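K.L.:
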Amino acid sequence: MMPSTFLGSMRYAYLTFAIFIISALMFVPSVAQDDNETCLSCHDDPELTTTRDSVEISIYVTQNALDGSVHEGLSCIDCHADLDGFDDYPHPKRLGKASCSNCHDDVWEVFAASAHGEALDNPKAATCTSCHGTHSILASRDSLSLSSHYNLPKTCSSCHRELTLKKDPDIHVVDAYARYVRGVHGRRVAKGYEDAPSCEDCHGIHDLYKASDPRSKVYKTSVPETCARCHSDIYAQYENGIHGKALAAGILDSPNCSDCHGEHEILAIGDPDSPVNLANIADYVCGRCHNDLQLVKKYGMKNGQFTTYQDSYHGLAVHRGSTKAASCASCHRAHDILPTTNPASTVHPDHVTDTCRKCHPNATEAFAASYTHQAIELTENRLNAIIRQIYILLIVVVIGGMVIHTLIIYIRFVVEKRQRMRSVPTVQRFTKNMVFQHMLLIISFSVLVITGFALRYPDTWWVSVLNSFGMYENVRSLIHRIAAGILVYAALHHILFLIISRRGRQELKAIAPTVQDVSEAKTNILYHLGLSGKKADFGRYDYTEKAEYWALIWGTVVMAITGFILWFPTFFTSFLPPWIVKVAETIHLYEAWLATLAIVLYHFFFVIFHPERYPMSLTWLNGKITERELRHHHPKWYRSMNRPAEEEDA
């Protein structure tokens, strides 16, 4: 009797407890709903705002924002815990931040140790709501979620884009998002490919660390394993190669995946902007290490490997835009690169001929040996070095002899022309003072051009020749400044000549531009084109001489001003904007090019190469011009010189 009664009582107790639990669970949403209604009675106002970090933000919340979220069914105070037990509404304006760690303590512990967690003292640092949202939080597997595979790059871009954080000292890669969306990974994610890596695939989710942190998935030694999650076959090759082995051994100078392919803006090999494109790989990838003298010495690598490739047909052809010539990877492979001494290497003596046959089907061992780095390097190929030296000597002797021979003949013609001038009537076109001014200009201008371009183009062969005579930077800069001083003196001398002397004022009046110059230019061009038989009637100076003179005046002023700014930048930047130095440098360079080309291509023609003046006009030496030349080229001036005195007075 007792056992039966006891069992019945126990069944009743269990049934009562079950009904209580079910009723409690059914009651929870209604309690949450009641609590939320209290909050929404104020927060369901679209115009409700508050101020945070001096920025006005909306605190408008609707029930629809909560419905369907992962937190549906929770009450507001479950997250805003400082309101637990509070019933004197409205609550204070400033509440504590909602703490996700109350429920997600395991995730919060991981996040707090991450790069984002360590940066929480920065008001711009990412928090839970930055990535997941505030009230309408959806599961990451939901395509509409801020943290979904498709949307995460856009979510991360709210901070990691150039316009947002370019002034934030804690963010060092400011254009990460812009570069990512241009890369193959970003483009595939945008197209909806689930297998394409999004931000979390490489950087992690909550366990996201700085790249300098050994725990990071993008730490130098961790990158290959991170990439291996998608590129396992490539990783196996890399791991077997010299670069992978060196990196695994802790040699951080050894390249990982991102060192060659880039970090965010990873482009396809066929993209011309890709660093591993055929046209770029030698200069921008392999050459960065194998042409670095410090790394070459540090690891005992063979010096000159990069330069010998550049000097080979393959290197030259690639620079010319060839898409068929061999690059570094064509012979050494891309990922499983092995030393020449390794029997498995594609450039080992046992395999190098087969490697060449990929492009040259009929290649022999002798052919393969002809295109190695050692065969090209002068220190290894002594015969080639000797022949090179012989040819350099031959060029110097033969061409130097030709130059000397030409100068002997040329100088003889100049001497004969000078002797002929003594026997014919001449006119003193330039005074000795004017010849002196011109000589100063020739010397200073020539020295300035040589010493100026020597600074701008230090790797040219003629600068190397100057260096061999001891004209290094301290000497070059001194000579350049002395020449600049001579040019300034010549300019001031010329200004005084024009103002003080009667002859100077006459010359200035004669060389001033006039409307007649336009008509004379038209007549002269038509005559030389054979379209007119009428020759131009030039006065003391024709339009070409006037143009050169005023261009010289302009150029001297510009070069003097910009030159002094570059000479005394500290003084000028004390009252001028900082960009003035670079602008002056640009003007100085291109004005120098303009002047040099004008002298070589234009002025030299009229004083040396013009058929009527060959081998040279001697006016710049003695200031004289023959009466015949005066009559022929300056007829108006000649007529004015031979007028009767009374006509001139009239």
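In the numbering used here, the protein residues as written are 115 to 764.
Note that beta-carbon positions come from the ideal geometry of N, C-alpha and C, so glycine has one too.
Since this is a predicted model, take the numbers as computed values, not measurements.
With distances taken Cα to Cα, identify the nearest neighbour of residue 565 among 544, 548, 592 and 539.
P.N.:
That would be 592, whose Cα lies nearest to the Cα of residue 565.
K.L.:
Which residue marks the beginning of the alpha helix (DSSP H) containing residue 623, and which one marks its end?
P.N.:
Taken as a continuous stretch (DSSP letters only), the alpha helix (DSSP H) holding residue 623 covers 616-625.
K.L.:
What residue does the beta strand (DSSP E) around residue 658 start on, and which one ends it?
P.N.:
Premise fails: residue 658 lies in the alpha helix (DSSP H), 657-681, not in any beta strand (DSSP E).
K.L.:
Looking at C-alpha atoms only, which residue of 189, 160, 751 and 205 is the closest neighbour of residue 151?
P.N.:
Comparing Cα-Cα distances from residue 151 to each of 189, 160, 751 and 205, the minimum goes to 189.
K.L.:
Excluding sequence positions up to five away, which residues of its chain have a Cβ less than 7 Å from the Cβ of residue 542?
P.N.:
Result list for residue 542: 737 and 738, in chain order.
K.L.:
From residue 678 to residue 575, what distance separates their C-alpha atoms?
P.N.:
Approximately 29 Å, taken between the alpha carbons.
K.L.:
Assess contact between the region 700-709 and the region 664-680, defined as three or more Cβ pairs (one per stretch) separated by less than 8 Å. Is contact present?
P.N.:
Contact holds: three or more Cβ-Cβ distances are below 8 Å.
K.L.:
Look up residue 172 in the DSSP assignment and give the residues it is bridged to.
P.N.:
The partner list for residue 172 (beta bridge, DSSP) reads 163.
K.L.:
Pull up the CB-CB distance for residue 269 and residue 258, whole angstroms please, since I reckon it's below 8 Å.
P.N.:
At roughly 12 Å, the Cβ-Cβ gap does not stay under 8 Å, so residue 269 and residue 258 are not in contact.
K.L.:
To the nearest angstrom, how far is the alpha carbon of residue 165 from that of residue 682?
P.N.:
Roughly 51 Å between the two C-alpha positions.
K.L.:
Considering only residues of the same chain and omitting the five flanking positions on each side of residue 762, which have a CB-CB separation below 6 Å?
P.N.:
For residue 762, the predicted model reports a pLDDT of 40, less than 50, meaning its position is unreliable; a value from the coordinates is still stated below. Excluding positions up to five away in sequence, the list is empty.
K.L.:
Return no unless some Cβ of chain B is closer than 9 Å to the Cβ of residue 686.
P.N.:
The structure shown has no chain B; it contains just one protein chain.
K.L.:
If I measure Cβ to Cβ from residue 594 and keep anything under 7 Å in the same chain, skipping five residues before and after, which residues do I get?
P.N.:
For residue 594, where only same-chain residues beyond five positions count, the Cβ hits under 7 Å are 562, 565 and 566.
K.L.:
Do the region 303-319 and the region 390-404 touch if we need at least three Cβ pairs shorter than 8 Å?
P.N.:
Contact fails: fewer than three Cβ-Cβ distances are below 8 Å.
K.L.:
In chain order, what residues of the same chain lie with their CB nearer than 7 Å to the CB of residue 179, ignoring the 5 residues before and after it?
P.N.:
The residues are 249 and 250.
K.L.:
Inspect the beta-carbon positions of residue 389 and residue 375 and report whether they are closer than 9 Å.
P.N.:
Yes, the Cβ-Cβ distance between residue 389 and residue 375 is below 9 Å.
K.L.:
With which residues is residue 739 paired in a DSSP beta bridge?
P.N.:
Paired residue(s): 541.
K.L.:
So residue 409 packs on residue 373, CB below 8 Å; how close in whole Å?
P.N.:
No, residue 409 and residue 373 are not in contact; Cβ-Cβ is about 12 Å, not under 8 Å.
K.L.:
To the nearest whole angstrom, what separates the beta carbons of residue 676 and residue 701, a pair I think is in contact under 8 Å?
P.N.:
Contact flag correct, Cβ pair sits at about 5 Å.
K.L.:
In chain order, what residues of the same chain lie with their CB nearer than 8 Å to the CB of residue 722, ignoring the 5 residues before and after it?
P.N.:
If we look at residue 722 and ignore the five residues flanking it on each side, its Cβ neighbours are 728, 729, 730 and 731.
K.L.:
Where do the ends of the alpha helix (DSSP H) carrying residue 547 lie?
P.N.:
That run of the alpha helix (DSSP H) goes 546-570.
K.L.:
Spatial neighbours of residue 333 within its chain, please: C-beta separation below 8 Å, excluding the five flanking residues on both sides.
P.N.:
Cβ neighbours of residue 333 beyond the five flanking positions: 323, 325, 326 and 327.
K.L.:
If you draw a straight line from the alpha carbon of residue 552 to that of residue 585, how long is it in whole angstroms?
P.N.:
If you take the alpha carbons of residue 552 and residue 585, they lie about 26 Å apart.
K.L.:
Buried or exposed: which applies to residue 693, given that a residue is buried once 16 or more other Cβ atoms fall within 10 Å of its Cβ?
P.N.:
Exposed: under 16 other Cβ atoms inside 10 Å.
K.L.:
Tell me the start and end of each unbroken beta strand (DSSP E) in the region 216-274 that is at least 3 residues and wholly inside, in chain order.
P.N.:
Taking only runs of at least 3 residues, no beta strand (DSSP E) segment lies wholly in the region 216-274.
K.L.:
Quick check: residue 657 and residue 634, are their CB atoms within less than 9 Å of each other?
P.N.:
Yes, the Cβ-Cβ distance between residue 657 and residue 634 is below 9 Å.
K.L.:
In terms of alpha-carbon separation, which member of 488, 203, 464 and 411 lies closest to residue 479?
P.N.:
It is 464.
K.L.:
Would a C-beta distance cut-off of 9 Å place residue 380 and residue 442 closer than the cut-off?
P.N.:
Their beta carbons are not under 9 Å apart, which means residue 380 does not touch residue 442 by this criterion.
K.L.:
Taking Cβ positions, are residue 747 and residue 726 nearer each other than 9 Å?
P.N.:
Contact flag set, yes.
K.L.:
How far does the alpha helix (DSSP H) with residue 508 in it extend, from its first residue to its last?
P.N.:
Taken as a continuous stretch (DSSP letters only), the alpha helix (DSSP H) holding residue 508 covers 496-536.
K.L.:
Going by C-alpha to C-alpha distance, which of 457, 192 and 612 sits closest to residue 626?
P.N.:
Answer by Cα proximity: 612.
K.L.:
Using only alpha-carbon positions, find the residue among 659, 645, 716 and 637 that is nearest to residue 651.
P.N.:
Closest by alpha carbon: 637.
K.L.:
What first and last residue would you give for the alpha helix (DSSP H) that runs through residue 698?
P.N.:
Looking at the DSSP string, the run of the alpha helix (DSSP H) that includes residue 698 is 694-712.
K.L.:
By the three-class DSSP mapping on this structure, what secondary structure does residue 158 have?
P.N.:
Here residue 158 sits in coil by DSSP.
K.L.:
Between the alpha carbons of residue 200 and residue 192, how many angstroms are there, rounded?
P.N.:
The straight-line gap from Cα to Cα measures roughly 13 Å.
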